[in-house]
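The structure appears below as structure tokens.
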RNA sequence: GCCCCAGUAGCUCAAACGGAUAGAGCGAGUGCCUUCUAAGCACAAGGUUAGAGGUUCAAUUCCUCUCUGGGGUACCA
């Protein structure tokens with residue numbers, strides 16, 4: 012049976028869940044009473060918010076699905092179930108509608124009373140226990156540390172960061188990780204590029220590598236190297252190791268700015284994981300031996316391949332015999348993904364490892380999954396969020412960027428120009444499955460009409476009202492008689508506030524953070540409607556009680572707005 | 001060739017495990033500031049959900065095919 016005493020609720024009311032449970036109880040009761048034949052009652056009864064007021068607040072189509080099984084008309088089943096529906100303080104009425112819906116209408120006084128629970132829960136409002144503390148790692152961005160973060164990583168950064176926040180709010184223990192690709196030939200070329208510029212500063216002609224990095228930041232790094240190290244690397248006996256050391260030093264320098272730039276966007280990592288460490292600790296060799304023992308490794312033309320029956324014709328190159336002369340550079344980047352997943356799931360024991368990858372990497376998913384299988388691990392512990400690419404437009408023209416050509420717009424430039432909030436919000440307004448056009452002119456030009464301001468403005472409006480109320484001598488912290496909240500716009504706002512835990516549940520279960528921006532906009536809209544229809548601080552003497560109640564509502568609404576905005580990671584301004 | 005994603009209002013996109021009358025923003029239209037911020041609100045306009053089949057009581061949603069766009073396709077990560 013449901014418990015509805017407000018103080019008994021941990022923090023959050025989940026109406027969808029609750030109505031599903033009620034319906035399930037009714038189904039079981041109808042069975043026990045013989046009104047319905049015996050059948051297996053579904054564990055999860057589907058419940059949705061009604062789209063039209065005529066259909067109540069929530070509805071379930073469950074009876075229509077049972078019609079065939081029970082050989083009864085769905086409407087008849089719905090009527091029987093409705094008759095067995097247990098009474099609940101939250102539900103005012105239960106109606107049956109053709110062809111077999113059961114519609115629930117909330118009890119208005121109960122709805123109004125929940126405002127107190129929201130206010131009491133405060134910052135914990137909406138948090139749900141879905142994760143039960145399971146440990147989840149979200150690995151994202153992980154852009155090459157051979158150059159500054161570009162705007163090409165913006166979507167990845169926001170999706171990963173907000174996903175982590177969503178999961179935290181949903182009761183998971185979450186770690187944010189950046190995988191640093193500090194092994195392989197790219198790093199080598201990067202070091203050689205710095206070395207060439209560095210040499211030039213001393214008038215020494217060092218050939219610039221063919222696959223080098225021509226960006227101006229490389230020259231800046233070379234100057235810094237000259238200031239820090241003088242001629243040390245130029246005079247080194249072993250040019251190869253000098254280049255390598257300079258490359259590693261350059262990566263460290265880059266990573267510092269990468270961390271700063273991401274912080275400017277509001278993104279912070281718990282762990283920066285070095286790809287090189289997979290080799291240095293011997294894990295790579297260990298895992299390779301394991302795969303070999305399992306018969307998943309084949310040698311062909313002097314190269315080493317990972318093969319798995321899942322991969323059809325594909326095989327993954329682990330180690331090449333040629334092309335790269337330096338043996339320590341030989342494993343491919345895909346090869347290091349295999350010990351890396353072992354490190355995540357076995358050594359560090361994450362229950363789930365989430366990868367946030369651009370669509371250009373989607374082809375690697377089956378390979379990593381096959382590797383997990385080959386290592387005897389549960390593939391479902393690896394979750395891949397594949398988001399579609401972002402097309403950057405300026406002046407209606409697509410901007411093509413690449414670090415190797417040295418032509419790109421940095422994330423930092425974008426953040427400095429537009430600010431973190433619009434970027435974060437806009438990157439979350441679409442599902443990860445659709446490509447995104449990001450018009451730089453529009454982002455700047457129309458920034459004050461960006462949807463994020465619409466939501467933030469609602470928050471600001473509430474702050475303004477509360478300020479005015481305090482100036483007028485109202486005790487803003489006081490309680491109010493919530494039963495006075497009866498206006499449709501008041502109840503509409505509260506109902507929207509109550510939907511937050513449901514939205515969070517959906518976002519966490521489907522790993523789809525865009526639901527939050529959609530919801531935030533709807534919540535702001537509900538507040539604006541309330542603001543329009545209901546004078547909050549009244550000067551009428553006989554409306555003092557109503558004013559008190561509405562001040563409580565306004566505060567509770569602000570809490571929910573702030574909760575959503577915090578999860579999205581944008582500011583909650585008190586003035587705009 | 002094969003694999004992945006998408007195609008919904010003029011534009012950019014939503015639509016929870018398949019549910020009832022497919023929703024927002026922008027743009028264009030008409031109104032609303034002498035009391036809490038007009039970065040707001042109201043009204044009205046805009047749709048054969050790319051096309052064709054199929055499954056289902058019910059399809060924007062699932063399946064097949066076609067068309068269009070984007071991405072990938074083993075040593076750049």
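Numbering (the working numbering), first residue to last: 12 to 587.
Note that CB positions come from ideal geometry on N, CA and C, so glycine has one too.
These numbers come from a predicted model, not from an experiment.
One Cα belongs to residue 542, the other to residue 505, and the distance between them is close to 13 angstroms. Between residue 58 and residue 27, the CB-CB gap stays under 7 angstroms.
Distances from the alpha-carbon of residue 388 to those of 420, 259, 138, 355 put 355 closest.
Rounded to the nearest whole angstrom, the C-alpha separation of residue 158 and residue 136 is 41 angstroms. If you draw a straight line from the Cα of residue 522 to the Cα of residue 528, it comes to about 14 angstroms. Put simply, the backbone Cα of residue 577 is about 49 angstroms away from that of residue 306.
Taking a contact to require three or more Cβ pairs closer than 8 angstroms, the region 155 to 171 and the region 274 to 287 qualify as touching. The residue from 548, 533, 493 with its alpha-carbon nearest to that of residue 469 is 533.
For residue 113, the enclosing beta strand (DSSP E) has its first and last residue at 112 to 117. Of the residues 496, 179, 512, the one whose Cα lies closest to the Cα of residue 556 is 496. In the DSSP assignment, residue 186 is bridged to 148. Of the other Cβ atoms in all chains shown, fewer than 16 fall within 10 Å of the Cβ of residue 248; this residue is therefore exposed. Burial is judged here by how many other beta carbons sit within 10 angstroms of a residue's own beta carbon; residue 300 has fewer than 16 and is exposed. A contact is defined here as three or more CB-CB pairs under 8 angstroms, and the region 118 to 138 meets this definition with respect to the region 507 to 518. Here the region 546 to 554 does not lie against the region 141 to 153, with fewer than 3 beta-carbon pairs under 8 angstroms apart. Here residue 440 is not near residue 400, since their CB atoms are 7 angstroms or more apart. The region 108 to 124 makes contact with the region 67 to 79, as at least three CB pairs between them are under 8 angstroms.
Residue 262 sits in a helix when the DSSP states are folded into three classes. Here the region 183 to 193 does not lie against the region 202 to 209, with fewer than 3 beta-carbon pairs under 8 angstroms apart. The Cβ neighbour count for residue 391, taken over all protein chains shown within 10 Å, is under 16; the residue is labelled exposed. When DSSP states are grouped into helix, strand and coil, residue 581 belongs to the coil group. Closest by C-alpha distance to residue 180, out of 585, 572, 516, 581, is 516. By the criterion of a C-beta distance shorter than 8 angstroms, residue 235 is surrounded in its chain by 264, once the five residues flanking it on both sides are discounted.
Counted as a single uninterrupted DSSP element, the stretch harbouring residue 285 is not any alpha helix (DSSP H) but the beta strand (DSSP E) occupying residues 282 to 285. Assignment of residue 538 by DSSP, reduced to helix, strand and coil, places it in the helix class.
From the listed residues 80, 49, 474, 42, the smallest Cα separation to residue 93 is found for 42. With a beta-carbon spacing of about 11 angstroms, residue 524 and residue 149 fall beyond the 8 angstroms limit used to define contacts. Taking the C-beta atoms as reference points, residue 165 is found no nearer than 7 angstroms to residue 453.
Close CB contacts of residue 494 within its chain, under the 7 angstroms cut and outside five residues either way in sequence, are with 120, 123 (chain order). Counting C-beta atoms within 10 angstroms of its own C-beta, residue 89 has 16 or more neighbours from the protein chains shown and is therefore classed as buried. Under the DSSP assignment, residue 470 falls in the alpha helix (DSSP H) whose first and last residues are 462 to 482. Only exposed fits residue 133, as fewer than 16 other CB atoms lie within 10 angstroms of its CB. Note that the region 353 to 367 does not touch the region 310 to 320; fewer than 3 beta-carbon pairs, one per stretch, sit closer than 8 angstroms.
If you ignore the 5 residues before and after residue 185, its C-beta comes within less than 6 angstroms of the C-beta of 147, 175, 178, 179, all in its own chain and listed in chain order. A direct Cα-to-Cα measurement between residue 395 and residue 435 gives close to 21 angstroms.
The three-state reading of DSSP puts residue 438 in helix, counting H, G and I together.
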